[in-house]
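Q: Input: one structure, supplied below.
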Amino acid sequence: MVNRFSVLILCAVLAAPPLAWAGEPIFGYSYLTDTLPAGRSEFEQWGTLHTGKQQGHFRLLRLRSAYEYGVTDALQIAGYANYYHLSANGHSANGLTEGGFENFVPEDHDPNSPYQATKLESFSLEAIYRLWSPYKYPVGAGLYLEPAWGPENRTLEGGLLLQSNFIDDRLVLVANLRFELEKRRFAGKPAADPADEEFNRRWVEEAELLYTFGIAYRFAPGWSAGFEARREAEYHELNFHRSNLDFTFWSRGPTLHYSAKDWFVTVAYQRQLANARVYNSEIDDWLYQGRIYGDEATKNELRVKLGMYF
Amino acid sequence: MQRWPTFIAAPLAVLAPASALASVYLSVEQAQQAIFPGATFVPASLTLTDEQAGAVARRSGVRVRVREQAVWRVPGAGWFIVDQVVGKHEFITYALGLDPSGAVRGIEIMEYRESYGHEVRNAAWRQQFLGKSAADPLRLDEDIRNISGATLSCRHVTDGVKRLLALHEIALRAR
């Protein structure tokens, strides 16, 4: 039997941390295989605004401050601070202000009142290793790994990055195959039956598979425009067995990137498609008009990245 | 409307736009004197026909992006060509000097605006091209050494030289 506890798990898998980036990001949600040259550094500031629930008010701004460093020409490491600001009121499927495996709205919050908070989510480290450069081989490839530690979460992300360039490297195709394993700590619900698991502070596990695809063209010096699509599949255990699959959804949208010699900016918009599928009947209410609205999942996401090289 | 906490805005302040000054290292005249000191230069720019552009692309294996080519004849010494190749963000402008047989006499990077990859300006890397002709493969990691961390620039400059050597064979040699 799947109860509200399970629903919260599903909320959690929707709230995966935003993808980090290797080198200069011409996409909002996909990695390139580029890494920083040895000895070079970069500072990046990300902001991702999630808006558009099936009802109520929900505005989540997830932020990430990153410092990246090229250890060798093929190995880049990075450190991140992940934090957010949330303003929500009556956004859940039942009209309450609740939900959030990732504790964006903590379990011990009164669901009948609005919620607003600014919190540190986690610190994370990242290593990206380029196996083949797309400037030398038909298909460039890289690997990345990113563990994260937070007051209420532990995550491990990893993935395979693929990239092919065409037309003097001005046309870029990219695909990322990414996984994430995550543990989140629930606050416990004071109003729950003390005999119920929800009453207690506890850790919950989940997993996610994410595929992203992108195409971008450098249409003028410094400027790239493109399109990205991503598919997310969420599981309620620390494995990817079909029986644990809770739901899948797609989102897609345009990207625009400008880079000067020492800084860059990327803007990416994603709109969730109305073809989400739920594989767990207990969480049918997270599906509304074909879209998933659990936790921070919304119809719209707008991501801005600003970066500076050192 | 709630105010965003100030700590959210603070990291953004770090990103005050830095100047993106173009790095212009050599003018045309300076590049000419660097490759052909004391020589005279006779403008001989050309526009490739469709047939010539196709022949250059086939011969070099490199796409011909523009048909117009800035060329100077250097009487008794060869040819001086100014060309551009695609960098990561901006064009890389460089000059190539060829002797009368079509072999590379010198190469100079005139403008480079990229964040990384300035190593292509290093004399040791550019010297690899000296004496190369259209008969040479001019392939990265074969007869031209790559610079790790500047791969895109190395490849595009190498491809550019290969294209100009083919252009010499097809459009300049008979002039």
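So the protein sequences, as listed, match chains A and B. Under this note's numbering, the first residue of the first sequence is numbered 1, with each subsequent residue one higher. Under this note's numbering, the first residue of the second sequence is numbered 1, with each subsequent residue one higher. The beta carbon of each residue, even a glycine, is placed where N, CA and C say it ideally should be.
To the nearest angstrom, how far is it from the Cα of S222/B to the Cα of K132/B?
A: No answer is possible for residue 222/B: the residues shown for chain B start at 1 and end at 175.
Q: Mind checking who P43/B pairs with in its DSSP beta bridge?
A: P43/B pairs with W72/B.
Q: Could you give the residue range of the beta strand (DSSP E) that holds D83/B?
A: From DSSP, the beta strand (DSSP E) with D83/B extends over 78-86.
Q: Cutting at 8 Å between CB atoms, please list the residues of its own chain near A276/A, excluding the five before and the five after it.
A: Correct list, in chain order: F247, T248, F249, W250, L287, G290, R291, I292.
Q: To which residues does DSSP link T35/A through a beta bridge?
A: For T35/A, which the question treats as bridged, DSSP gives no partner whatsoever.
Q: Return no unless some Cβ of chain B is closer than 8 Å to the Cβ of A191/A.
A: A191/A does not count as touching chain B.
Q: Assuming H57/A contacts S87/A under a Cβ cut-off of 8 Å, what Cβ separation, rounded to an integer in Å, is found between them?
A: Indeed they touch by this definition, with Cβ atoms about 7 Å apart.
Q: Please state the DSSP three-state secondary structure of V161/B.
A: Helix at V161/B.
Q: Where do the N-terminal and C-terminal ends of the alpha helix (DSSP H) with S251/A fall, by residue?
A: Element bounds for S251/A: not the alpha helix (DSSP H) but the beta strand (DSSP E), 245-259.
Q: Can you pull out the residues from the segment 96-114 of chain B whose beta carbon lies closer than 8 Å to at least one beta carbon of chain A?
A: Within the segment 96-114 of chain B, the residues whose Cβ lies closer than 8 Å to some Cβ of chain A are R113, E114, listed in chain order.
Q: How many Å lie between F41/B and P75/B at the Cα?
A: Whole-angstrom Cα-Cα distance: 7 Å.
Q: DSSP three-state label for S281/A, please.
A: Reduced to three states, the DSSP call for S281/A is helix.
Q: On the DSSP bridge list, what partners appear for K305/A?
A: Looking at the DSSP assignment, K305/A forms a beta bridge with W46/A, T266/A.
Q: Under 7 Å, CB to CB, which of the residues in the segment 24-37 of chain A have a partner in chain B?
A: The residues in question are P37.
Q: Put L164/A into one of helix, strand or coil per three-state DSSP.
A: Note that residue 164/A corresponds to Ser in the displayed sequence, not to Leu. Three-state result, S164/A: strand.
Q: For H89/B, list the residues DSSP reports as bridge partners.
A: Beta-bridge pairing links H89/B to no other residue.
Q: Helix, strand or coil for Q54/A, going by three-state DSSP, please let me know.
A: Reduced to three states, the DSSP call for Q54/A is coil.
Q: Does the Cβ of N165/A have 16 or more other Cβ atoms within 10 Å, making it buried, or fewer, making it exposed?
A: With 16 or more other Cβ atoms within 10 Å, it is buried.
Q: Quick one: measure Cβ to Cβ for A127/A and Y144/A, integer angstroms, because I've assumed they're closer than 8 Å.
A: Rounded, the Cβ-Cβ distance is 7 Å, consistent with contact.
Q: Taking 7 Å as the limit between beta carbons, can you name the residues of its chain near V157/B, skipping five residues before and five after?
A: So the qualifying residues of the chain are V85, I92, Y94, V120.
Q: Suppose you measure from the CA of W21/A to the CA of G28/A; what does that come to, to the nearest Å?
A: Note that W21/A scores a pLDDT of 35, beneath 50, so its modelled location is shaky; the value from the coordinates is reported in the next line. Near 9 Å, if we compare the C-alpha coordinates of G28/A and W21/A.
Q: Helix, strand or coil: how does DSSP classify I144/B here?
A: DSSP places I144/B in strand when its eight states are reduced to three.
Q: Provide the residue(s) that pair with R62/A in DSSP beta bridges, ordered along the chain.
A: In DSSP, R62/A forms a bridge with T48/A, Y84/A.
Q: Per DSSP, N300/A is paired with what?
A: BP columns for N300/A point to T51/A, R271/A.
Q: Rounded C-beta distance between D99/B and G78/B? I'm assuming under 8 Å.
A: Yes, they are in contact, since the Cβ atoms of D99/B and G78/B sit about 4 Å apart, within 8 Å.
Q: Grab me the residues of R202/A's own chain with a C-beta within less than 8 Å of its C-beta, minus the 5 sequence neighbours each way, in chain order.
A: Same-chain partners within the cutoff: R185, F186, G188.
Q: Does F129/B come out as helix, strand or coil in the three-state DSSP assignment?
A: Reduced to three states, the DSSP call for F129/B is helix.
Q: To the nearest angstrom, how far is the alpha carbon of R145/B from that of R155/B?
A: Rounded to whole angstroms, R145/B to R155/B spans 10 Å at the Cα level.
Q: Leaving aside the five residues before and after T298/A along the sequence, list all residues of the same chain whose C-beta is less than 8 Å from its C-beta, in chain order.
A: Correct list, in chain order: H50, T51, G52, K53, F58, L60, Q272.
Q: Got a sec? Which residues, its chain only, sit under 7 Å from L118/B by beta carbon, not counting five neighbours each side?
A: According to the sequence as given, residue 118/B is His; it is not Leu. Correct list, in chain order: Y112.
Q: Mind listing the chain A neighbours of V86/B? Cutoff is C-beta to C-beta under 7 Å, in chain order.
A: Residues of chain A passing the Cβ test: D168, D169, R170.
Q: So what does N94/A bridge to, in DSSP terms?
A: According to DSSP, N94/A bridges with nothing at all.
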